[in-house]
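These notes are about the structure you will find just below.
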Amino acid sequence: MECPSCLSDPAKIVVLDASVVINLNATGHSAAILDALPNRVLVVDEVRQEVERDSRNGRKDADIFAGLVASSQVEVVELGEAGMQQFTNLVSGPATETLDDGEAATITYALEQDLTVLIDERKANRICAERYTGLETACTVDVLAHESIDSLLGRETLAEAVFNALYYGRMRVPNQHLGWVVDLIGAERAGQCNSLPRSARST
């Protein structure tokens, strides 16, 4: 089963949320993946700070991320003054309608600069769909399913990378991509990935 990535235009600039950074780090091939991805990749400073604080599963996300920045595969950017009101709107209010600083800053920067935002968290995607219908969103799977990544890594290594993102990064997979993910990694490995819905783990 093919999983067409929405990142088909190499001219698009993408801005990554912390969830995507962590998932890419978890693949074990983040440098190769970003090197193959033709799109320019940005991360807001609030996400950089979040990644530096994150110690999920004992991974050295801060060190991996610092290497990606040093090699110019990722560029750290800052919100402009024009976006601060939107940022405040996203972090203030009821918990069901607000986001953490990294998610809010990522979405605000994408709106401010008319970029594609890569974000995996369910609530953040819902808020984007409800409030910002013109904002183009994508997820980690859209990166991993990009034809250039498949060509570079090969199907076996790509399957390993996707499994690692699921198992170690607890990557969330949108429903429309579940078939591709399970076909790629196989039912046995899918059964080990608690971030997948139960239906996908029992295929």
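For the sequence shown, counting from 1, position 108 maps to 109 in this note's numbering; every step adds exactly one.
Ideal Cβ positions, reconstructed from N, Cα and C, are used throughout, including at glycine.
Residue 191 versus residue 61 - alpha carbon distance: Looking at the backbone, the Cα of residue 191 and that of residue 61 are separated by about 25 Å.
Contact set for residue 41: own chain, Cβ-Cβ below 6 Å, skip 5 residues either direction: 14
As assigned by DSSP and simplified to three states, the class of residue 153: helix
Range covered by the beta strand (DSSP E) that runs through residue 43: Its beta strand (DSSP E) spans residues 41-45.
Cβ distance (whole Å) where residue 103 is taken to contact residue 19 below 8 Å: 5 Å
Straight-line gap, residue 180 to residue 114 (C-alpha atoms, nearest Å): 33 Å
The stretch 147-156 contacting the stretch 43-52, beta-carbon criterion three pairs below 8 Å: no
Rounded Cβ spacing between residue 151 and residue 24 (contact assumed at less than 8 Å): By a beta-carbon distance limit of 8 Å, residue 151 does not contact residue 24. Their separation comes to about 17 Å.
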